[in-house]
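Residues in the sequence shown are numbered consecutively from 11, following the working numbering.
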Amino acid sequence: MAKTIITMLALAGALASPALGADAIKLKHLTTEFNDEKGGTMKAPEGIACGKRQLVVSDTGGGRLLSYSIENGSVRGGTEIKAEQVPYPTKVQLTSKGEILVIDGKLRRIAHFSPEGSFAGYLDLKGVPAPATIAPRGIRVDDKDNIHILDIFGARVIVTDAAGTFQSQMPFPEGYRFISDLAVSASGTTLLLDSVASRVYAAARGETAFKPLTDGMKEYLQFPTSIATDKQGKIFILDQTGNAVVTLGQDGSFQGRQLNIGWKNSFLHYPSQLCISEENDIDVVIADRNNNRIQVFRVVR
11 MAKTIITMLA LAGALASPAL GADAIKLKHL TTEFNDEKGG TMKAPEGIAC
61 GKRQLVVSDT GGGRLLSYSI ENGSVRGGTE IKAEQVPYPT KVQLTSKGEI
111 LVIDGKLRRI AHFSPEGSFA GYLDLKGVPA PATIAPRGIR VDDKDNIHIL
161 DIFGARVIVT DAAGTFQSQM PFPEGYRFIS DLAVSASGTT LLLDSVASRV
211 YAAARGETAF KPLTDGMKEY LQFPTSIATD KQGKIFILDQ TGNAVVTLGQ
261 DGSFQGRQLN IGWKNSFLHY PSQLCISEEN DIDVVIADRN NNRIQVFRVV
311 R
């Protein structure tokens with residue numbers, strides 16, 4: 011065990027952050043949350059969704075969701091949302107109405123919960139072209155409540171309306187290695203994150219194919235698994251194996267790498283997903299999986 015930790019620390023050190031550019035931001039730790047409202051602890055949370063003054067955590071090891079309020083970086087509550095139909099919640103999203111969409115990693119289905127936390131069934135996808143089998147790896151809800159589904163079985167991004175009716179699809183880019191997450195910017199650009207190639211692909215609204223936004227970024231990223239954008243188009247990438255956050259400009263230019271492995275506040279241990287608060291667009295919330303907690307950071311420019 012000690013040897014493993016030393017190796018991980020050495021790898022993290024090997025990817026030390028270069029000097030921050032003029033457009034770079036810094037992440038300031040605000041708060042850490044381990045518990046639900048009854049004092050129970052999280053167990054390996056793999057998903058986090060940011061809404062308007064709301065956070066929803068996929069407490070994956072606990073087989074449940076936790077709903078919190080967030081205001082000016084302060085997290086309160088932790089109401090349990092649990093359904094036997096969703097034994098292994100992973101990636102999670104909130105709609106504009108406060109409804110919850112969550113991927114069950116074992117069932118490979120997208121579950122739907124009401125704003126009050128009642129299970130409302132699985133998302134019924136209608137009119138989606140072959141293949142009939144869909145394996146959702148990631149999910150995003152855009153500002154019109156359209157649902158963007160990362161289907162790793164069909165190697166495509168499927169877009170449906172809020173009811174699950176098919177709207178469009180786009181194949182993964184040629185030469186991709188392993189697409190692990192997607193994001194949709196405020197301008198409608200869809201971003202794909204390739205974990206193995208450490209590369210970001212992009213397709214602007216109306217385009218029919220993904221193109222590389224960046225070259226491979228192995229000097230900054232070991233195995234990134236989550237991507238998000240703020241309303242200005244800045245890109246945030248969570249490096250699961252490197253225990254860090256990398257920021258890019260809207261054009262894909264590297265702007266900085268921050269955070270490191272550890273167990274104290276502001277350190278990460280195998281984090282799984284990040285989101286950006288819709289309340290102020292400057293609070294970054296991270297599901298810090300192996301530390302069994304979530305952390306909130308403030309973007310300082």
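Think of the CB as a built atom: it goes at the ideal place given N, C-alpha and C, for glycine as much as any other residue.
Grab me the residues of residue i's own chain with a C-beta within less than 8 Å of its C-beta, minus the 5 sequence neighbours each way, in chain order.
i	result
Lys53	Asp69, Thr70, Gly71, Gly72 and Asn302
Pro99	Glu56, Gly57, Ser68, Asp69, Thr70, Gly73, Arg74, Leu75, Val112, Ile113, Asp114, Gly115 and Ala121
Could you have a look at residue i and say whether DSSP puts it in helix, strand or coil?
i	result
Arg311	coil
Asn45	strand
Arg187	coil
Thr51	strand
Arg266	In the sequence as presented, Arg is not what sits at residue 266; that position holds Gly. Three-state DSSP puts Gly266 in a strand.
Gly115	coil
Gly272	coil
Met174	The sequence shown places Gly at residue 174, rather than the Met named in the question. In this structure, Gly174 counts as coil in the three-state DSSP scheme.
Arg215	coil
Gly88	strand
Asn302	coil
Ala71	Contrary to the premise, residue 71 reads as Gly rather than Ala in this sequence. DSSP places Gly71 in helix when its eight states are reduced to three.
Going by DSSP, what residue range makes up the beta strand (DSSP E) through residue i?
i	result
Pro234	Pro234 to Thr239
Val10	Examination of residue 10 is not possible in this model, given that the chain is present from 11 through 311 alone.
Arg150	Pro146 to Val151
His158	Ile157 to Asp161
Tyr280	Counting along the chain, Tyr280 falls outside any beta strand (DSSP E), and DSSP gives it neither H nor E.
Phe129	Phe129 to Tyr132
Glu81	Arg74 to Glu81
Ala297	Asp293 to Asp298
Thr143	Segment: none, Thr143 is in no beta strand (DSSP E) and carries neither H nor E.
Ile35	Where Ile35 is concerned, there is no enclosing beta strand (DSSP E), given that its DSSP letter is neither H nor E.
Val255	Ala254 to Leu258
Use the C-beta contact count for residue i: other C-beta atoms within 10 angstroms, 16 or more gives buried, fewer gives exposed.
i	result
Leu117	exposed
Lys101	buried
Thr200	buried
Pro234	buried
Arg215	exposed
Ala22	Residue confidence for Ala22 is low, a pLDDT of 46 falling below 50, so the modelled location carries little weight and cannot support an answer.
Ser84	exposed
Thr218	exposed
Gln103	buried
Near residue i, what residues of its chain come up, given a Cβ to Cβ distance below 6 Å and the 5 sequence neighbours on each side ignored?
i	result
Gln305	Thr42, Ile296 and Asp298
Ile159	Pro146, Ile149 and Ile168
Phe182	Ala165 and Ile189
So, at 7 Å on beta carbons, what are the nonlocal neighbours of residue i in its own chain, with the 5 sequence-adjacent residues on each side left out?
i	result
Glu178	The sequence given here places Ser at residue 178; Glu does not occur at that position. Around Ser178: Val169.
Asn125	A small fix is needed here, since residue 125 is Pro in this sequence, not Asn. Around Pro125: Lys107, Gly108 and Glu109.
Trp273	His279 and Asn301
Glu47	Gly87, Gly88 and Thr89
Glu6	Outside the displayed span of the chain (11 to 311) sits residue 6, for which this structure offers no information.
Thr251	Gln232 and Phe233
Pro281	Leu248, Gln250, Asn253, Ile296, Ala297, Asp298 and Arg299
Asp240	Ile286 and Asp291
Heavy atom of the ligand COA less than 7 Å from the Cβ of residue i, yes or no?
i	result
Tyr280	Within the structure as shown, the ligand COA is missing, as the structure has no ligands at all.
Would you call the stretch 179 to 193 and the stretch 208 to 218 in contact, with 3 or more CB pairs under 8 Å? Yes: at least three Cβ pairs fall under 8 Å.
Worksheet item: Counting Cβ pairs closer than 8 Å, one from the stretch 138 to 156 and one from the stretch 87 to 96, do we hit at least three?
Response: Segments in contact, no.
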